[in-house]
Amino acid sequence: MQPFTPEFARTEIDPPSDAIAIGDVTYSVELRNGIGWVHERGPDGVTEYRIEHAMGGKNVYFFLTELERGRLQVLPLAYDVRRREWYNTTAAAVRHEADLDDEAIDWRDPELTFNTSCYTCHVSQLSTNYDLETDTYNTVWLEPGINCETCHGPGGEHVRACNDENCPEGTAIISNKDFTAQQISDLCAPCHAKMWPITQTFTPGDRYFDHYDLAAFEHPDFYPDGRDLGENFTYTLWLTSPCLASGELDCLDCHTSSGRYLFTGSQANDACLPCHAERVGDAPAHTHHAADSPGNECVSCHMPTTEFARIRRSDHSMRPPTPSATIAFGSPNACNLCHDDEDAAWADRWVRQWHKTDYQAHILRRAQLIDDARKRQWDRLPEMLGYLESERRDAIFAAALIRLLEDSGDERLWPVLVRLLQNDPAPIVRGSAATSLGAYLTSEAGAALLAATRDDYRVVRIRAAESLAGYPQELVPVEERRGLELAFGELLAALRSRPDDYFTHYGLGNLHLGRGELPQALAAFETALKLRPDFLPALVNIAMTQAQLGEADAAEASLREALEIEPTNAAAHFNLGLLMLERGDGRQAEVHLRAALETTPRFPAAAFNLCVLLAEDRLDEAIEWCRRAAELQPGDPRNAYTLAFYQNLGGDAPGAASTLRELIARHPRYGDAYVLLGTVYEEVADTAAAIAAYRQALEREVLAEPDRRVIEARLLALQRR
13 MQPFTPEFAR
23 TEIDPPSDAI
33 AIGDVTYSVE
43 LRNGIGWVHE
53 RGPDGVTEYR
63 IEHAMGGKNV
73 YFFLTELERG
83 RLQVLPLAYD
93 VRRREWYNTT
103 AAAVRHEADL
113 DDEAIDWRDP
123 ELTFNTSCYT
133 CHVSQLSTNY
143 DLETDTYNTV
153 WLEPGINCET
163 CHGPGGEHVR
173 ACNDENCPEG
183 TAIISNKDFT
193 AQQISDLCAP
203 CHAKMWPITQ
213 TFTPGDRYFD
223 HYDLAAFEHP
233 DFYPDGRDLG
243 ENFTYTLWLT
253 SPCLASGELD
263 CLDCHTSSGR
273 YLFTGSQAND
283 ACLPCHAERV
293 GDAPAHTHHA
303 ADSPGNECVS
313 CHMPTTEFAR
323 IRRSDHSMRP
333 PTPSATIAFG
343 SPNACNLCHD
353 DEDAAWADRW
363 VRQWHKTDYQ
373 AHILRRAQLI
383 DDARKRQWDR
393 LPEMLGYLES
403 ERRDAIFAAA
413 LIRLLEDSGD
423 ERLWPVLVRL
433 LQNDPAPIVR
443 GSAATSLGAY
453 LTSEAGAALL
463 AATRDDYRVV
473 RIRAAESLAG
483 YPQELVPVEE
493 RRGLELAFGE
503 LLAALRSRPD
513 DYFTHYGLGN
523 LHLGRGELPQ
533 ALAAFETALK
543 LRPDFLPALV
553 NIAMTQAQLG
563 EADAAEASLR
573 EALEIEPTNA
583 AAHFNLGLLM
593 LERGDGRQAE
603 VHLRAALETT
613 PRFPAAAFNL
623 CVLLAEDRLD
633 EAIEWCRRAA
643 ELQPGDPRNA
653 YTLAFYQNLG
663 GDAPGAASTL
673 RELIARHPRY
683 GDAYVLLGTV
693 YEEVADTAAA
703 IAAYRQALER
713 EVLAEPDRRV
723 IEARLLALQR
733 R
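Numbering (this note's numbering), first residue to last: 13 to 733.
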């Protein structure tokens with residue numbers, strides 16, 4: 013980060029090129045008396061934006077201008093340092109993948125507001141001085157770039173004590189000389205991770221997961237095998253590296269504290285020499301490349317460089333080339349990054365010829381689990397669950413699987429998550445398990461989550477508190493209430509730590525909504541909408557909260573406002589459909605539920621409610637909608653139960669029985685399924701099958717006591733006939 017000065021303009025960038033069109037607006041750069049201007053020409057005329065700061069320089073320069081209320085905004089034109097050309101800032105960040113619905117954002121988007129999104133990693137000792145009441149910044153910082161105090165803490169006392177040649181030891185500054193490899197990595201991670209901050213108080217020496225949560229391979233910016241697709245900032249992949257796991261390597265072994273790489277040219281392989289002397293000593297025998305070729309450098313194969321948004325980044329997982337993953341998932345591999353005139357099958361043949369052991373197999377196997385989970389294909393669920401508890405499981409892959417598996421809703425998942433929350437050594441795994449268990453608040457899950465509110469890591473405590481937001485307070489033992497209260501306080505502090513971020517207010521609203529604190533929820537959602545008027549999830553949740561407050565007219569007005577902004581918004585149509593149902597207007601309810609499903613065909617709640625609405629006079633169609641809901645959301649037993657109910661009502665007793673048997677296999681705790689199955693058999697006079705169904709239910713140890721009493725009574729009545 014540096015000021016845009018005449019000297020910068022003269023030495024760092026080339027003269028502006030032709031105007032660049034973005035939609036129906038064109039942008040051009042003018043350098044006038046050493047001052048940079050971006051001109052915006054469109055239907056509303058011409059606007060000038062002064063370039064105040066330049067950010068970057070290794071790959072690209074981004075430029076900042078000051079907008080209203082103190083916002084420093086990334087301008088729509090950036091400069092490619094290597095190609096020496098100007099380009100469209102946001103278009104370069106689009107991920108061109110067939111299965112990703114991705115498009116360029118507007119340059120005024122809050123994601124490109126420096127005060128909100130960028131500042132912590134580009135300047136030092138910054139204060140945003142944000143005022144929520146007026147939505148205004150008065151941002152100041154001590155120094156551009158990253159200074160000494162960022163990594164060593166406040167240095168004023170150190171300077172005072174060492175202003176002569178006799179500097180005493182331990183003079184009020186944090187030294188990393190005694191840091192572990194993990195502490196060094198955690199020190200660098202805040203600026204080199206795709207993360208979510210949960211505090212603003214990270215201090216050198218602190219543990220990363222006390223201050224941040226981290227994206228893993230559930231995120232679409234990663235390929236299923238973990239290679240980079242979008243911008244991921246290194247740390248996630250670094251946590252998968254065997255070099256870090258060894259405890260022998262940290263960031264400063266290869267980089268200076270300012271980030272420069274230490275090993276270049278003829279010293280390229282010296283970085284790996286201390287731990288891999290047997291391979292580095294005779295590198296060509298290991299690399300199968302000539303000694304003086306780029307392919308003989310360790311980093312060429314183990315840290316291949318790819319590019320996204322014109323920024324080059326090296327893979328820090330240290331994995332060997334995996335062309336088989338390229339064949340399976342389209343991810344990059346080191347071989348074809350150099351040999352771009354060949355395909356991945358060619359590279360795979362060479363790799364298998366050179367290495368008799370199939371080192372790619374386990375990489376491909378776990379990547380396939382991620383890929384299946386992303387696609388909601390659960391045929392390999394037992395293998396996924398087995399991986400989570402295997403000795404060879406990688407924490408990042410495990411966290412990603414946990415976050416994806418919640419959509420399966422399978423009963424077999426929850427006991428595994430409880431055990432992971434209780435026993436897994438990695439805080440990212442425990443935190444992910446805590447989040448997912450929020451969808452399964454049984455007594456066992458509740459007890460594990462309550463214990464997790466006392467976890468050693470803050471990220472686990474707040475994820476547990478988040479999942480317990482709607483947990484009945486009367487079920488919380490007295491001895492657990494203090495821990496829950498403290499963890500909930502940490503969660504609130506995390507959500508309030510970034511008052512200028514609309515999404516944290518949205519999260520705060522959801523938290524209050526889950527706890528039944530409706531006025532507080534409404535206020536938080538309204539703040540989110542104030543900060544970002546086009547953020548429709550906040551407007552839809554305002555309507556949901558208004559409806560729960562008994563303000564049906566206001567709720568309807570909010571939903572119709574959302575549909576005016578985005579006529580195809582599925583959530584708005586769905587909630588308006590539910591509101592119309594409550595008001596007894598079945599015709600309008602049907603219109604909006606169908607509209608929700610037309611926009612989002614994979615919307616199980618809309619399909620379920622449309623099923624119930626149509627069942628009275630269009631039973632066959634209703635059954636098909638219930639079938640879709642059950643297929644889309646097998647984790648919610650109500651879907652399959654309702655399907656079976658209507659199948660039986662329509663005279664298809666065998667179909668209903670089959671649906672219920674499948675439901676019981678997936679959800680053995682769901683007592684209503686046993687009752688309905690017995691009823692189906694009783695209605696067709698198959699007493700033996702009904703008795704067998706009730707007895708099977710009573711053999712289930714997991715059956716809740718109230719359900720057990722109901723089934724015992726039905727069995728007794730049947731046996732007395």
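Every residue gets a Cβ at the ideal spot worked out from N, C-alpha and C, and that includes glycine.
query                                                                                                                      : result
Buried versus exposed call for S570 [16 or more other C-beta atoms within 10 Å across all chains shown]                    : buried
Which of helix, strand or coil DSSP assigns to D92                                                                         : strand
Beta-carbon proximity check, A642 vs A652, cutoff 8 Å                                                                      : yes
Cα-Cα separation, N345 to T338                                                                                             : 6 Å
Cβ-based neighbour list, I323, same chain, cut-off 6 Å, excluding 5 preceding and 5 following                              : N71
Residue from E401, P332 and L349 with nearest C-alpha to L376                                                              : P332
Host alpha helix (DSSP H) of V624 (start-end)                                                                              : P616 to L626
Coarse secondary structure for L480, derived from DSSP in three states                                                     : coil
Per DSSP, the bridge partner or partners of N100                                                                           : L89
Per DSSP, cross-strand counterpart(s) of V72                                                                               : D92
Counted within 10 angstroms of its Cβ, other Cβ atoms place C263 as buried (16 or more) or exposed                         : buried
Which residues DSSP lists as bridging T59, in chain order                                                                  : E52
Buried or exposed (CB count within 10 angstroms, at least 16 for buried), S312                                             : buried
Integer-rounded CB distance, given that G168 should sit under 8 Å from T215                                                : At roughly 15 Å, the Cβ-Cβ gap does not stay under 8 Å, so T215 and G168 are not in contact.
Coarse secondary structure for V696, derived from DSSP in three states                                                     : coil
V135, DSSP secondary structure in three states                                                                             : strand
Distance between L249 and D512 (C-alpha atoms, nearest Å)                                                                  : 30 Å
Buried or exposed by the 16-neighbour rule on C-beta atoms within 10 Å, applied to N178                                    : exposed
Residue environment, S270, which counts as buried when at least 16 other CB atoms sit within 10 Å                          : exposed
Extent of the continuous alpha helix (DSSP H) run through A356                                                             : A356 to W366
Sequence-distant residues of its chain with Cβ nearer than 6 Å to A533 (five each side left out)                           : G521, H524, L525 and T557
Among P306, Y39 and G238, nearest to Y279 - alpha-carbon criterion                                                         : The displayed chain sequence assigns Gln, not Tyr, to residue 279. When each option's Cα is compared against that of Q279, the closest is P306.
F221 versus R470 - alpha carbon distance                                                                                   : 7 Å
Residue from A608, G562, L591 and I554 with nearest C-alpha to P579                                                        : A608
Close Cβ partners of R544 (< 7 Å) along its chain, the five nearest in sequence each way excluded                          : P122 and Y514
Beta-carbon separation (whole angstroms), Y518 vs P549, contact threshold 8 Å                                              : 7 Å
Beta-carbon contacts of A705 that lie in its chain and below 7 Å, excluding the five residues immediately before and after : Y686, L689, G690 and Y693
Nearest-angstrom Cβ-Cβ length linking T17 and G46, presumed shorter than 8 Å                                               : 7 Å
Between the CA atoms of L727 and R219 - distance to the nearest angstrom                                                   : 57 Å
DSSP three-state assignment for V41, whether helix, strand or coil                                                         : strand
Assumed close pair V93, Y61 - CB separation to whole angstroms, cut-off 8 Å                                                : Between Y61 and V93 the Cβ distance is about 21 Å, and since that is not below 8 Å, they are no contact.
Boundaries of the alpha helix (DSSP H) in which T516 is found, first to last residue                                       : Y514 to G526
Where the alpha helix (DSSP H) through M207 begins and ends                                                                : Element bounds for M207: not the alpha helix (DSSP H) but the beta strand (DSSP E), M207 to P209.
Beta-carbon proximity check, A601 vs G589, cutoff 8 Å                                                                      : yes
Beta-carbon contacts of L561 that lie in its chain and below 6 Å, excluding the five residues immediately before and after : L530
Nearest-angstrom Cβ-Cβ length linking A412 and F229, presumed shorter than 8 Å                                             : 4 Å
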